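A.B. asks:
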Amino acid sequence: MGIEGIGARVARKEDKRFITGKGRFTEDMVVPGMKQAVFVRSPHAHANIKGIDVSAAKAMPGVIDVLAGDELAEDGIGSLICGWMIHSRDGSPMNMGEWRPLAQSKVRYVGDAVAIVIADTRAQARDAAEAVEVEYKVLPVVTDPAETLQDGAPQIHDNAPGNLIFNWGIGEEEATDSALAGAAHVTEMEIVNNRLVPNAMEPRAALGHYDAAEDHYTCWTTSQNPHVARLVMSAFYNVAPENKLRVIAPDVGGGFGSKIYIYPEEIVCLWASKKTGVPVKWVADRTEAFLTDAHGRDHVTKVKMGFDADNRIVGLKVDTIANLGAYMSLFSSATPTYLYATLLSGQYNIPNIYGNVRAVYTNTAPVDAYRGAGRPEATYVLERTMETAARELGISPAELRRANLIREFPHQTPVIMNYDTGDFEASLNAAMKAADYDGFPARKAEAEGRGKKRGIGMSCYIEACGIAPSQAVGSLGAGVGLWESAEVRVNAVGTIEVLTGSHSHGQGHETTFAQLVSDRLGIPIDNVSIVHGDTDKVQMGMGTYGSRSGAVGMSAIVKALDKVEKKAKMIAAHLLEADEADIVIENGQVKVAGTDKALGWHEVALNAYTAHNLPGGMEPGLKEGAFYDPANFTFPAGCYICEVEVDPQTGKTEIIQFVAADDFGNIINPMIVEGQVHGGVAQGIGQALLEGTVYDEGGQLLTASYMDYCMPRAGDLPSFQVSHQTTECTTNPLGIKGCGEAGAIGSPPAVINAITDAIGNNNLTMPATSQKVWAAVNAA
Amino acid sequence: MYETSYHRAESVEEAAKKMGTAEGGKYVAGGQTLIPTMKQRLASPDALIDLRHIPDMKGISINGKDVRIGAATTHAEVASSADLDAVCPGIASLAGHIGDPHVRHMGTIGGSIANNDPAADYPAAMLALGAAIHTNKREIAAGDFFAGMFETALEEDEIITAVSFTAPEKCAYSKFPNPASRYAMAGVFVARTGDDVRVAVTGAGMDGVFRWEEAESALGSNFAASALEGLAVNEGEMLSDIHGSAEYRANLVKVMAMRAIAEAG
Amino acid sequence: MSKVEMTVNGRSVSGDVEDRTLLVHFLREHLGLTGTHVGCDTSQCGACVVHVDGKAVKSCTMLAAQAARAEVTTIEGLAAGGELHPVQAAFKEHHGLQCGFCTPGMIMAAVDMINRHSGKLDEKTVRAELEGNICRCTGYHNIVKAVLAATEQMGGAAKVAAE
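What follows is the structure, given as structure tokens:
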């Protein structure tokens, strides 16, 4: 590696604008004549709309217009869709209810958009929004995923009888049942995975601008995947054809999944801009974000894990109800199915697995992928069960895991996935060493003397990233291919622009992608600019989620670089009168190997553009594009250990140490990768300890601000101990597995395993708030 | 936020006069509770009279054990006053745990007391210290001042100008914060001078701040955490919400009281 | 409407704004200083932290009118003469930011914290002092590291480095 190449801890190129206040976020965008929008939202979780009277609101100061759902429908704007078809066990397609961008006849959750008010200022728009009169007939409400399936529950969508969206299965049920029947020991648990609100610090925002002269739309939006937004808004929502719609996702302040989806607001702002003739900007306030951003998790699961007399797992059966909320968000059906149950084998040899998932509607905010997406739920089920089994069997949790680890690769699980590589024991050993696992009993005894209950917990996770092989996901129901594109544009002076379909909203692509180019060509990263986030600049892309930008996005850049290098070598061979096969590129030079015959990289680039002396028949220029479609998922894996102290008098849990040992394959920038782990672990600890989403019986969100939804703060967390054990991914050119989600996937069970170990009571749900832990201590 | 009008007062008299002429006016000091409440459109004063710049309402004066804190003194100023910390460490420590550093730079003791949020910290200190609340009209004993959640003895146009108290021999404040909002789920201020012990509790009671008299008499004869063993606040009078049941809050009150006693020494 | 005058980043500014205008909106919309962000409605996230008369405050919890005649420093005013403030430099060096949205408030809070503690800070204190700033990306690990590194860097000069 060079000092700025692959493997170097390079400080980020993008930082300067953020640390000096020059970042450009959607809310910062200003277009001449721009007006401000506020949405009128349902205060009821379930109600029929009997009428909407906007006349008083329209007469308010500064108001440009007030528009409701009927007008939107008259203009042919389509309904929101879920882009992944799931079929139930009986072969029937999923029951997708209609989601209008502005509700017309019925609202289904608190926050459902009903109308948009556009005014000179946001305050005026909000004043007027209060004057919009909506007559509701309130209907019975259901928010709980189990209750919504019961007889007599309120019917939320007409075409989803009993609120069941699908009843899906994976694996062999009979074989699993019989394995469990013959097991020497069966551990059974009921496990709840708590609903989370993603809470990217930048609230969602959209600025829609219709240019009547050009008959062209521009949308600035807080998106992780602007091209997908354009595709979906064109193909399904009938906003505008793709050639007349430009989507720009400028600096985006975090996403964590919640900014993958296309929401009603960007559609409505674009439409309203044409309707009113003014650019329309909407910025969510935090409570709006709580109410309407796609939430995460919300599973209720029954699990049975059977062991033989040697403590080997013989079978695993999982029955899950997944709450998808009031509407099916863009990828909502994939999260609790192919991103969840396909990971139920974990790091273990499990010969028989059956997973059943029922997805349901409730009168709550839509639920979709949130950092980890399905994989945290699978890991939580497995790792809570493993820990519990070890306690029941009376053996060390580490040794039970060790006895069941997969050690040979490739490994085909009973639930689709084929793990290409890994060394799970290496991470287990590294984590145990870093945590001084063997020294725990002495620390526990010392804590006891101080009146504290100390516990240690472990979690071994595996996830599937590098989403995803297009043909494979197509066969499983995906509506799109999940490749990535890149273009490498060499300028005449040798500097380079890389256009990528990946989108950076904190991941540091402007640095790591430049490091890749620097590594290949030996030019400084300052000579490489990364262009992303604008459908007019980058031809096509699938965006950033599922830890895919390294494994898929960078692989596309590798392919484009291969083509650029090939042409550069041909030019150099021609100029240096050498054989193309003898040309090498290193340290910014294109040279004949083993000689001092060389051209500067910039000289080759200049020759490509002057075109005065190119090989016969060669086109001028040096610019190449590529699409990369992954051959398989990638499988990051690792072992996390958490050590806690519980204050039995208050139930307060302090994280004493948190160790993460991960195998992410090859790493471009260790500093950035460590940062991804830190952030993911903090979110996982947040889920385990602090973050509870509470709807009351009437469907009101009680945790709709930071006064009630507990975000992890610096004082809630320790510094983390992070290490890497590397086995290279075998299916992509860089050997990268991906690192964006691991922290959030592996950490929650480690925390809960540690607390339950400390207090001697395994009956504890997330978030393990002080109150709950105190009650569990007293019940132990 | 609904429309409002802003008026900055340079003196207490000017502030009272402006309030007299304003329709639907409200005093604002640091505004750290009022402004967020107005942003959420839960309060809509037509006029705001700003007390933050009135010189007479600022500063801490200490004469022996007698302490006077101007109502417009910020939490940060109270927390960082070495002189105050020397005579009454409990109140300096309390101020240092209100909100966060930025809130403490703006929020004032007068504003906190006038608002009487049931989870605010200062009311517990005022009750336990037996403080006097000085206004532009009169002096009110803390015991008569706090009148239940968000209710005080203040009249509409009355301005708190200062609080005063005699520092106790020993005092401490112990708080269990709500994990999300960081307001007190239970905060207990313990003050002792001779046999006179006062224990005031915030964040937990249904009617706002209150004195735990049973604990006070137990501690009068034995100022030790162990004196509270066997005692309990009445669960029926505790708040209950998604963050803490009445049972849990009752437990916290006792635990925080014991910790405050231990800290007071 | 009122005319509001103040000094922002050393420059005298004024504007006619509704009295209900928050300081953060005055900075962002009237002065175009969009480095100061709004991340919540309840005065908790700290993305809006600026210095008013040398002290860190939440500009979303203060009317522009309340800040009239004050000296305000925003993230845009921190780097003197194009030279990064040591806290800014430390955030970059130690990867104390990812998406960058909370960063301006974090940096303004960190500068204030270092000033108040006269350059003497340890990890526990830094974590406690960050109570009013929420970050969703970094898990705070590298923010804490950056603040400690900047504290060391600033040494005895800590007191005067802010404004």
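Protein chains in written order, with the UniProt record's numbering: chain A, 1 to 780; chain B, 1 to 265; chain C, 1 to 163.
Every residue, glycine too, gets a C-beta built ideally from N, C-alpha and C.
Predicted model, so just to flag it, every value in this text is computed and none were measured.
Could you check if L324/A belongs to the surroundings of the ligand SAH, using beta carbon to heavy atom distance under 7 Å?
C.D. replies: The model depicted lacks the ligand SAH and carries no ligand whatsoever.
A.B. asks: Can you find a CB in chain A that lies within less than 8 Å of the CB of F26/C?
C.D. replies: To locate residue 26/C, count along the third sequence from 1; it is residue 26. With 8 Å as the cut-off, F26/C does not count as an interface residue toward chain A.
A.B. asks: Going along chain A in order, which residues have a C-beta closer than 7 Å to the C-beta of E93/C?
C.D. replies: Within the third sequence, numbered from 1, the residue matching residue 93/C stands at position 93. Under the 7 Å cutoff, chain A gives A11.
A.B. asks: Between which residues of its own chain and V252/A is the CB-CB distance below 6 Å, once the five residues before and five after are set aside?
C.D. replies: Taking the first sequence and counting its residues from 1, the one referred to as residue 252/A is at position 252. For V252/A, where only same-chain residues beyond five positions count, the Cβ hits under 6 Å are T222, H505.
A.B. asks: In or out: E229/B buried (at least 16 other Cβ within 10 Å) or exposed?
C.D. replies: Locating residue 229/B in the second sequence gives position 229, where the first residue counts as 1. Per the 10 Å Cβ criterion, exposed.
A.B. asks: Can you tell me the Cβ-Cβ gap for L164/A and N95/A, rounded? I've got them flagged as a contact below 8 Å.
C.D. replies: Counting from 1 along the first sequence, the entry for residue 164/A is found at position 164. Counting from 1 along the first sequence, the entry for residue 95/A is found at position 95. Indeed they touch by this definition, with Cβ atoms about 7 Å apart.
A.B. asks: Assuming the contact rule is C-beta atoms closer than 8 Å, A365/A and G325/A should be a hit. Round their C-beta distance to whole Å, please.
C.D. replies: Position 365 of the first sequence, counted from the first residue, corresponds to residue 365/A. Position 325 of the first sequence, counted from the first residue, corresponds to residue 325/A. Confirmed, Cβ separation roughly 5 Å.
A.B. asks: Once you ignore the five residues that flank A200/A on each side, which residues in its own chain have a CB closer than 7 Å to its CB?
C.D. replies: Locating residue 200/A in the first sequence gives position 200, where the first residue counts as 1. Answer for A200/A: G253, G254, G255, F256, S258, K259, listed in chain order.
A.B. asks: Exposed or buried, A158/C, counting other C-beta atoms within 10 Å across all chains shown (16 or more means buried)?
C.D. replies: Working through the third sequence from its first residue, we reach residue 158/C at position 158. The pLDDT assigned to A158/C is 38, lower than 50, so where the model puts this residue is not dependable; a value taken from the coordinates is nonetheless given after this. Buried, since its Cβ has 16 or more Cβ neighbours within 10 Å.
A.B. asks: What's the call for A611/A, buried or exposed, on a 16-neighbour Cβ count within 10 Å?
C.D. replies: Translated into positions along the first sequence, residue 611/A becomes position 611. Classification of A611/A: exposed, given that the 10 Å Cβ count is below 16.
A.B. asks: Please list, in chain order, all residues of the same chain as L400/A whose beta carbon is under 8 Å from its beta carbon, the five residues on each side excluded.
C.D. replies: On the first sequence, residue 400/A is found 400 positions in, with the first residue counted as 1. If we look at L400/A and ignore the five residues flanking it on each side, its Cβ neighbours are N311, M386, A389, A390, L393.
A.B. asks: In this structure, does DSSP put K58/B in helix, strand or coil?
C.D. replies: Against the second sequence, residue 58/B aligns to sequence position 58. Coil at K58/B, not helix or strand.
A.B. asks: Where M1/A and E93/C are concerned, what is the direct C-alpha to C-alpha distance, given to the nearest angstrom?
C.D. replies: Stepping through the first sequence from its first residue, residue 1/A is reached at position 1. Stepping through the third sequence from its first residue, residue 93/C is reached at position 93. Residue placement at M1/A is poorly supported in this model, since its pLDDT is 48, which falls under 50; the coordinates still yield a value, given next. Computed Cα separation, rounded: 20 Å.
A.B. asks: Can you give me the start and stop residues for the alpha helix (DSSP H) that W271/A sits inside?
C.D. replies: Taking the first residue of the first sequence as position 1, residue 271/A is located at position 271. Element bounds for W271/A: 264–276.
A.B. asks: Taking N404/A as the query, report the chain C residues whose CB atoms sit under 8 Å from its CB, ordered along the chain.
C.D. replies: In the first sequence, counting from the first residue as 1, residue 404/A sits at position 404. Correct list: empty, because the minimum Cβ distance to chain C is about 30 Å.
A.B. asks: Considering only the alpha carbon of each residue, which of V233/B, E3/B, M256/B, A218/B lies closest to L42/B?
C.D. replies: Sequence index remark: in the second sequence, residue 42/B carries index 42 (1-based). Residue E3/B is the option with its Cα nearest to L42/B.
A.B. asks: Where does W212/B sit, in a helix, a strand or coil, going by DSSP?
C.D. replies: Here residue 212/B is taken as the residue at index 212 of the second sequence, counted from 1. It is coil, neither helix nor strand.
A.B. asks: Contact criterion: CB-CB distance below 8 Å. Does I98/B meet it with respect to chain C?
C.D. replies: Within the second sequence, numbered from 1, the residue matching residue 98/B stands at position 98. Cβ-Cβ to chain C under 8 Å: no for I98/B.
A.B. asks: Using only CA atoms, which one of L291/A, Y695/A, Y628/A, G675/A lies nearest to Q721/A?
C.D. replies: As a first step, residue 721/A is located in the first sequence; it is residue number 721 there, counting from the start. The shortest Cα separation from Q721/A among L291/A, Y695/A, Y628/A, G675/A belongs to G675/A.
A.B. asks: Can you check which of these residues, A514/A, K537/A, F331/A, is closest to S529/A by C-alpha distance?
C.D. replies: Walking along the first sequence from the start, residue 529/A turns up at place 529. Residue A514/A is the option with its Cα nearest to S529/A.
A.B. asks: For residue 808/A versus C639/A, is the C-beta distance shorter than 8 Å?
C.D. replies: Residue coverage of chain A in this structure runs from 1 to 780, which leaves residue 808/A outside it and unanswerable.
A.B. asks: So, are the CB atoms of V681/A and G457/A less than 8 Å apart?
C.D. replies: The residue given as residue 681/A occupies position 681 in the first sequence. The residue given as residue 457/A occupies position 457 in the first sequence. Taking 8 Å as the Cβ cut-off, V681/A and G457/A do not qualify as a contacting pair.
A.B. asks: For S770/A, which residues in the same chain have their Cβ closer than 6 Å to its Cβ, ignoring the five residues on either side in sequence?
C.D. replies: Within the first sequence, numbered from 1, the residue matching residue 770/A stands at position 770. Excluding sequence neighbours, S770/A sits near T650, G651, K652.
A.B. asks: Give the straight-line distance between the Cα atoms of N225/A and P118/B, rounded to the nearest whole angstrom.
C.D. replies: Mapped onto the first sequence, residue 225/A falls at position 225. Mapped onto the second sequence, residue 118/B falls at position 118. The straight-line gap from Cα to Cα measures roughly 46 Å.
A.B. asks: Taking the beta strand (DSSP E) that S459/A falls in, what are its first and last residues?
C.D. replies: In the first sequence, counting from the first residue as 1, residue 459/A sits at position 459. Unbroken beta strand (DSSP E) run through S459/A: 453–462.
A.B. asks: From A128/A to M1/B, what distance separates their C-alpha atoms?
C.D. replies: As a working mapping, residue 128/A is identified with position 128 in the first sequence. As a working mapping, residue 1/B is identified with position 1 in the second sequence. Computed Cα separation, rounded: 12 Å.
A.B. asks: Can you look up R401/A in the DSSP assignment and give me helix, strand or coil?
C.D. replies: As a position in the first sequence, residue 401/A is number 401, starting the count at 1. Here R401/A sits in helix by DSSP.
A.B. asks: Against chain C, which members of the stretch 700–732 of chain A pass a CB distance test of less than 8 Å?
C.D. replies: Flagged, chain order: S705, Y706, M707, M711, P712, R713, A714, G715, L717, S719, F720.
A.B. asks: CA-CA distance, T512/A and I496/A?
C.D. replies: Reading the first sequence from its first residue, position 512 is the one you call residue 512/A. Reading the first sequence from its first residue, position 496 is the one you call residue 496/A. Their Cα atoms are separated by approximately 14 Å.
A.B. asks: What residues in the stretch 98–116 of chain B bring their beta carbon closer than 8 Å to a beta carbon of chain C?
C.D. replies: Listed in sequence order: G99, D100, P101, H102, V103, H105, M106.
A.B. asks: Answer with buried or exposed for F150/B, where buried requires no fewer than 16 other C-beta atoms within 10 angstroms of its C-beta.
C.D. replies: By one-based count along the second sequence, residue 150/B stands at place 150. Classification for F150/B: exposed.
A.B. asks: Hey, could you find the ends of the alpha helix (DSSP H) V103/B is sitting in?
C.D. replies: Locating residue 103/B in the second sequence gives position 103, counting from the first residue. First-last of the alpha helix (DSSP H) with V103/B: 101–106.
A.B. asks: Going along chain C in order, which residues have a C-beta closer than 9 Å to the C-beta of V681/A?
C.D. replies: Position 681 of the first sequence, counting from 1, holds the residue named residue 681/A. Under the 9 Å cutoff, chain C gives G139, H141.
A.B. asks: Between the stretch 17–44 of chain B and chain C, which residues of the former have CB atoms less than 7 Å from a CB of the latter, in chain order?
C.D. replies: From the stretch 17–44 of chain B, only G31, Q32, I35, P36, K39, Q40 have a Cβ closer than 7 Å to chain C.
A.B. asks: Mind checking whether G355/A and G171/A have CB atoms under 8 Å apart?
C.D. replies: For the purposes of this step, residue 355/A is identified with residue 355 of the first sequence, where counting begins at 1. For the purposes of this step, residue 171/A is identified with residue 171 of the first sequence, where counting begins at 1. Taking 8 Å as the Cβ cut-off, G355/A and G171/A qualify as a contacting pair.
A.B. asks: Kindly list, in the order they appear in chain A, the residues whose Cβ is closer than 7 Å to that of A34/C.
C.D. replies: Residue numbering aside, residue 34/C sits at position 34 when the third sequence is read from its first letter. With the sequence shown as reference, residue 34/C is identified as Thr, and Ala is not the correct amino acid for it. Per Cβ cutoff of 7 Å: D28.
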